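Written below as structure tokens is the structure these notes are about.
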Amino acid sequence: MTEKITISNNFKLFTAIVICQTVGITAGLLTSAKNNLWFDSIIKPSWNPPAYLFAPVWTTLYLLMGISLSLIWRSHAMEPYKTNAMLLFAGQLFLNFWWTILFFSMHSPSMAFIDIILMIISILITIFAFASISKTAAWLLVPYISWVCFAAILNYTIWKLN
């Protein structure tokens, strides 16, 4: 007889949030202060948000993403749907991580723009997959895709200005 090991919902919530925050923190650490010199030197539009805004915005977005992921993880949806939705989430998170590297470390707004367009598509697909399991989980990703769409416009503008 085999026993099924169950993981508590609180552990799933904590783990999902930590995963999302870790991606953001790691990308931030890999794009250290030396890259800020590059960013400070490039031409930016007048509507570029101030630097102090990015950390709290991304911290909040990663928190919402983690909560969203945990709702899918702990749902009672059939495993193939859950697994597919979580893999889609992982894919967009991978693109999220690489955008930071492409833009800030590699100083490539053009490559970062390609990445962010793929990220938007991936987030949209993830939202639809999440919505079939949990409407709340899907809605929790709306601020994220909204910010990423804004970031895409900003990315494109910076690319064209430089």
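First residue of the sequence shown: 449, per the numbering used here; consecutive thereafter. Glycine is no exception: its CB is placed at the ideal position from the N, C-alpha and C atoms. Note that this is a predicted model, so its numbers are computed, not measured.
Requested in this report: Given a cut-off of 8 Å, decide if ILE564 and ALA599 are closer than it, judged by their beta-carbon atoms.
Outcome: Cβ distance < 8 Å, so ALA599 and ILE564 count as in contact.
Query raised in the report: Per the contact definition of three or more C-beta pairs closer than 8 Å, is the region 505-520 in contact with the region 463-470?
Result: Contact holds between the region 463-470 and the region 505-520, because three or more Cβ pairs, one in each stretch, are under 8 Å apart.
Query raised in the report: So, is THR508 buried or exposed, given that buried needs 16 or more other C-beta atoms within 10 angstroms?
Result: Its Cβ having fewer than 16 others within 10 Å, THR508 is exposed.
**Report entry** Of the listed residues PHE561, PHE552 and TYR592, nearest to LEU541 (C-alpha basis)
**Finding:** The shortest Cα separation from LEU541 among PHE561, PHE552 and TYR592 belongs to TYR592.
Requested in this report: Can you check the region 520-562 for any alpha helix (DSSP H) of at least 4 residues that lies completely inside it and give the ranges in chain order?
Outcome: 527-548, all fully within the region 520-562.
**Report entry** Per-residue DSSP class, three states only, for ASN496
**Finding:** ASN496: coil per DSSP, three-state reduction.
**Report entry** Stretch-stretch touch, CB-based, cutoff 8 Å, three pairs: the region 473-480 with the region 542-552
**Finding:** The region 473-480 is in contact with the region 542-552.
Query raised in the report: Whose C-alpha, out of TRP506, TRP495, LEU602 and ILE571, is nearest the C-alpha of PRO557?
Result: Distance from the Cα of PRO557 is smallest, within the candidate group TRP506, TRP495, LEU602 and ILE571, for LEU602.
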